[in-house]
Amino acid sequence: MQVLPSPGGGSNEAPPVVLSIAGFDPSSGAGVTADLKVFAAFGLFGVAAPTALTVQSTQGVRGAEMVRPGLLADMLECLAADVEIAGVKIGMLGSAAVVAAVTEWLARYSGSRPELPVVLDPVLRSSSGAALLDEAGVEQLRERLLPLCTVATPNAQEAAELCGQVFRGRTGVEEAADAVLRRVRPGRWSGVLVTGGDLENNAVSEDYLLCQGEQTGRWLRADRVHTRATHGTGCALSSALLCGLVRGDTLEAASSEAKQYVREAMLAAYPIGRGRGPLHHLFGRGPGLATYPANVSSE
Numbered sequence: 023m024q025v026l027p028s029p030g031g032g033s034n035e036a037p038p039v040v041l042s043i044a045g046f047d048p049s050s051g052a053g054v055t056a057d058l059k060v061f062a063a064f065g066l067f068g069v070a071a072p073t074a075l076t077v078q079s080t081q082g083v084r085g086a087e088m089v090r091p092g093l094l095a096d097m098l099e100c101l102a103a104d105v106e107i108a109g110v111k112i113g114m115l116g117s118a119a120v121v122a123a124v125t126e127w128l129a130r131y132s133g134s135r136p137e138l139p140v141v142l143d144p145v146l147r148s149s150s151g152a153a154l155l156d157e158a159g160v161e162q163l164r165e166r167l168l169p170l171c172t173v174a175t176p177n178a179q180e181a182a183e184l185c186g187q188v189f190r191g192r193t194g195v196e197e198a199a200d201a202v203l204r205r206v207r208p209g210r211w212s213g214v215l216v217t218g219g220d221l222e223n224n225a226v227s228e229d230y231l232l233c234q235g236e237q238t239g240r241w242l243r244a245d246r247v248h249t250r251a252t253h254g255t256g257c258a259l260s261s262a263l264l265c266g267l268v269r270g271d272t273l274e275a276a277s278s279e280a281k282q283y284v285r286e287a288m289l290a291a292y293p294i295g296r297g298r299g300p301l302h303h304l305f306g307r308g309p310g311l312a313t314y315p316a317n318v319s320s321e
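Numbering of the sequence shown is given in the numbering used here, commencing with residue 23 and proceeding in unit increments.
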């Protein structure tokens with residue numbers, strides 16, 4: 023993997039434009055500001071439509087106020103009328119009304135763009151277990167929004183919730199991934215990457231990837247990074263995966279590279295804040311860009 027240098031360098035050729043639809047985190051560890059840093063790290067140009075204004079820091083979430091659905095719809099329409107969007111990442115939505123607004127816009131925009139990669143990181147609960155999307159919102163996301171997305175990146179508990187199963191830890195991951203895959207939009211990159219951060223394995227970080235057309239998936243494994251810089255890892259993973267798809271990578275290659283990117287960004291993290299710190303999203307920028315060994319195995 024190589025984190026790309028800044029586009030330009032005397033050239034007027036514009037990089038692909040990618041869109042983040044997610045919440046605003048004032049600490050910049052997660053949400054749209056983190057997504058934009060990931061896009062920049064991969065040499066893409068990021069634009070964003072925030073779905074919520076949160077009150078949070080590295081020490082946790084204290085509150086949130088949803089963006090008015092009509093205003094969010096206006097932001098999306100304004101961006102789409104001005105730039106050609108090469109890929110979409112969807113994160114925290116927060117309410118059924120916001121899910122509906124995003125669904126309606128995406129149905130119109132992707133209808134004439136069948137190859138548009140859309141990565142959904144369904145943020146259903148906080149790290150403490152508090153619900154971040156009500157039951158009506160989860161149902162709309164499952165029944166209306168998920169079928170417009172090409173890739174979903176739920177954690178193991180979210181995958182179970184999306185398909186109406188009881189969370190059973192690692193034993194239920196493969197079944198849940200298969201159920202979620204049946205709902206995503208068929209296409210070139212269709213698949214599900216179930217992230218294993220909420221699975222009980224202190225030694226190894228393992229995620230389960232199931233691609234369209236496969237009977238069985240594969241586990242992507244790497245040594246777990248023991249650090250407090252874990253805020254926004256799911257946001258970074260889904261955004262990095264989208265960058266790989268926009269560049270034309272296969273879903274398996276994009277998933278492995280995204281996992282490696284997050285691992286390196288955790289290792290390079292600054293000691294910021296008093297709680298769960300952010301990743302160093304731009305760790306490879308500037309002279310001497312880093313290349314990384316393939317430390318992610320699959321089976």
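Where a beta carbon is used, it is the ideal one built from N, C-alpha and C, also for glycine.
Assuming residue i contacts residue j under a Cβ cut-off of 8 Å, what Cβ separation, rounded to an integer in Å, is found between them?
i      : j      : result
SER42  : GLY295 : Going by Cβ atoms, the distance from SER42 to GLY295 rounds to 22 Å, so no, they are not a contact pair.
THR175 : THR217 : 6 Å
PHE61  : VAL40  : 5 Å
Can you give me the C-alpha to C-alpha distance between residue i and residue j, rounded to a whole angstrom?
i      : j      : result
PRO91  : ALA225 : 42 Å
ALA56  : ARG166 : 26 Å
THR313 : GLN282 : The predicted position of THR313 is uncertain, since its pLDDT is 40 and thus under 50; a value taken from the coordinates is nonetheless stated next. One C-alpha to the other measures close to 11 Å.
LEU215 : ASP104 : 32 Å
VAL54  : ARG190 : 31 Å
VAL247 : GLU137 : 35 Å
GLU196 : ASP156 : 25 Å
LEU304 : GLY45  : 20 Å
GLY113 : GLN162 : 15 Å
PRO237 : GLU180 : Strictly speaking, residue 237 in this sequence is Gln, with Pro absent from that position. Using only the alpha carbons, I get a separation of about 21 Å.
GLN234 : LEU142 : 16 Å
GLY239 : GLY254 : 25 Å
SER79  : ARG205 : 34 Å
ALA287 : HIS302 : 5 Å
Helix, strand or coil: which one does DSSP assign to residue i?
i      : result
LEU41  : strand
PHE61  : helix
GLU228 : strand
THR76  : strand
ALA174 : strand
GLU87  : strand
CYS185 : coil
ALA287 : helix
From the options, pick the residue whose C-alpha is nearest to that of residue i; which is it?
i      : options                           : result
PRO300 : ALA251, ALA275 and LEU154         : ALA251
GLY51  : ALA276, GLY65, VAL77 and PRO136   : VAL77
PRO72  : ALA199, VAL160, ALA36 and VAL120  : VAL120
GLY68  : VAL145, GLN81, PRO37 and GLY82    : PRO37
ARG243 : TYR292, THR272, TRP127 and SER277 : SER277
What residue ranges within the stretch 91 to 163 form continuous beta strand (DSSP E) runs of no fewer than 3 residues, ordered along the chain?
-> 107 to 112 and 140 to 142
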